[in-house]
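The structure appears below as structure tokens.
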Amino acid sequence: MDINILAFGVVKEFFGSPSIALELQGELTVAGLKEELEAIYPDMKRLRAYLVAVNDEYAEDELVIRPEDEIAIIPPVSGG
Amino acid sequence: MIDIKILNEPLDTTGCIGNATDAACGGTATFIGVVRDRTDGRRVVRLEYECYESMALKELAKIAEHAVRSWEINHVVIHHRVGVLHIGDIAVIIAVGAAHRAAAFDACRYTIDTLKMTVPIWKKEIFENGEVWVSAHA
């Protein structure tokens with residue numbers, strides 16, 4: 001089962017795409033997702049910080065991702 | 081009344097102030113964010129804003145609802161523009177109407193300060209000799 005991950009701002013440039021698909025193997029937490037992404041896209045480690053949103057809400061590291069969730073990577077925001 | 085919009089077109093200052101005012105309001109505090117001509121001495125050509133719209137609207141609503149619970153205010157208007165903006169363009173308007181000015185000023189300040197910290201909107205600064213996503217890197 002693939003999960004779809006939305007990217008915004010500078011992360012879109014790291015991914016080279018506004019979204020990527022990642023194969024979901026077993027139980028994956030938000031922390032686990034961050035580790036996988038940082039392994040595939042080492043540029044993620046250069047960010048000042050970033051958060052993961054699950055279904056439009058900032059998610060804690062312990063949250064377990066389900067296949068139907070909408071996942072987005074949120075680099076430091078700069079609105080206003 | 082809470083009025084929240086993310087728009088891909090020029091913002092309407094008069095309309096926002098009107099939506100934040102009624103006969104019970106003794107005043108309206110506004111914050112208008114405008115594109116500056118330089119950052120750290122570098123000349124800015126334009127800004128490009130993007131947002132995660134569904135989440136940004138939810139986060140803006142949380143801010144407005146918190147403001148209404150925390151201060152004696154009658155109206156909160158938050159309009160944010162996205163897309164390509166040039167120097168002098170208005171990027172964001174906050175308008176807060178209240179019976180008394182202290183609550184309006186405080187809620188307006190809270191709203192813009194929190195927006196800048198929590199709402200998934202990003203801007204890229206385009207300079208004459210390069211571009212940078214604001215705040216992305218240490």
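In order, the protein sequences belong to chains A and B. Sequential numbering from 1 applies to the first sequence in the working numbering. Sequential numbering from 81 applies to the second sequence in the working numbering. Heads up, the beta-carbon is just placed ideally off N, CA and C, and yes, glycines get one too. None of the values given here were measured: they were computed from a predicted structure.
Check: Once you ignore the five residues that flank R122 of chain B on each side, which residues in its own chain have a CB closer than 7 Å to its CB?
Finding: F207
Next item on the list: Report yes or no: do three or more beta-carbon pairs, one from the segment 24–34 of chain A and one from the segment 64–71 of chain A, lie closer than 8 Å?
Entry: yes
Note to self: What does the alpha-carbon distance come out to for the pair G106 of chain B and A179 of chain B?
What the structure shows: 4 Å
Margin query: Measuring alpha carbon to alpha carbon, tell me which residue in B:G98, B:R189, B:K196 and B:A218 is nearest E139 of chain B.
Written below: Ranked by how close their Cα comes to the Cα of E139 of chain B, the residues B:G98, B:R189, B:K196 and B:A218 have B:K196 in first place.
Note to self: Restricting to runs no shorter than 4 residues, where is the alpha helix (DSSP H) found entirely within the segment 122–177 of chain B?
What the structure shows: 133–150
Notebook entry, point to check: CB-CB under 7 Å to P67 of chain A, same chain, minus the five flanking residues each way: which ones, in chain order?
Noted result: M1, I3 and L24
Next item on the list: Determine, using beta carbons only, whether I97 of chain B and A175 of chain B come nearer to each other than 7 Å.
Entry: yes
Check: Excluding the five sequence neighbours on either side, which residues of its own chain have a C-beta within less than 6 Å of the C-beta of H155 of chain B, listed in chain order?
Finding: M81, A100 and G177
Next item on the list: Answer yes or no: does any C-beta atom of chain A fall closer than 7 Å to that of H217 of chain B?
Entry: Chain A, which has a Cβ nearer than 7 Å to the Cβ of H217 of chain B, makes this yes.
Check: So, is the C-beta of G16 of chain A closer than 7 Å to a C-beta in chain B?
Finding: no
Margin query: Using only the alpha-carbon positions, how far apart do G210 of chain B and R118 of chain B sit?
Written below: 13 Å
Next item on the list: Assign H166 of chain B to buried or exposed, taking buried as 16 or more other Cβ atoms, counted over all protein chains shown, within 10 Å of its Cβ.
Entry: exposed
Next item on the list: Find the nearest neighbour of A144 of chain B within the set B:P200, B:A104, B:V124 and B:A187, judged by alpha-carbon distance.
Entry: B:A187
Note to self: Closest to V172 of chain B by C-alpha separation, out of B:T194, B:H159 and B:R181, would be which residue?
What the structure shows: Comparing Cα positions, the closest option is B:H159.
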